[in-house]
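Asker: In this note's numbering, the protein residues as written are 2 to 61. Heads up, the beta-carbon is just placed ideally off N, CA and C, and yes, glycines get one too.
1. Just list the residues that DSSP pairs residue 59 with in beta bridges.
2. As a quick exercise: from 60, 28, 8 and 33, pick the residue whose alpha carbon is nearest that of residue 49.
3. Name the residue from 22, 8, 15 and 13 whose alpha carbon lies nearest to the alpha carbon of residue 54.
4. Helix, strand or coil: how does DSSP classify residue 54 here?
5. Using the rule of at least 16 other Cβ atoms within 10 Å of the residue's Cβ for burial, across every protein chain shown, is residue 17 buried or exposed?
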């Protein structure tokens, strides 16, 4: 679990890389603090194209 300090896409991506992408997870659930399309798109892109881990993004 990581509560990002800001809502920039880079912050979410860094948290994913540090905490999730090198692990053996079956599902990644991200709760976004806002409904910014750039954050959603950046996360979905890396999760769908660079991993085989199922993911779900939820807007808080």
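Answerer: Taking the definition as stated:
1. 32
2. 28
3. 22
4. In this structure, DSSP gives residue 54 a state outside helix and strand, which the three-state scheme calls coil.
5. That one is buried.
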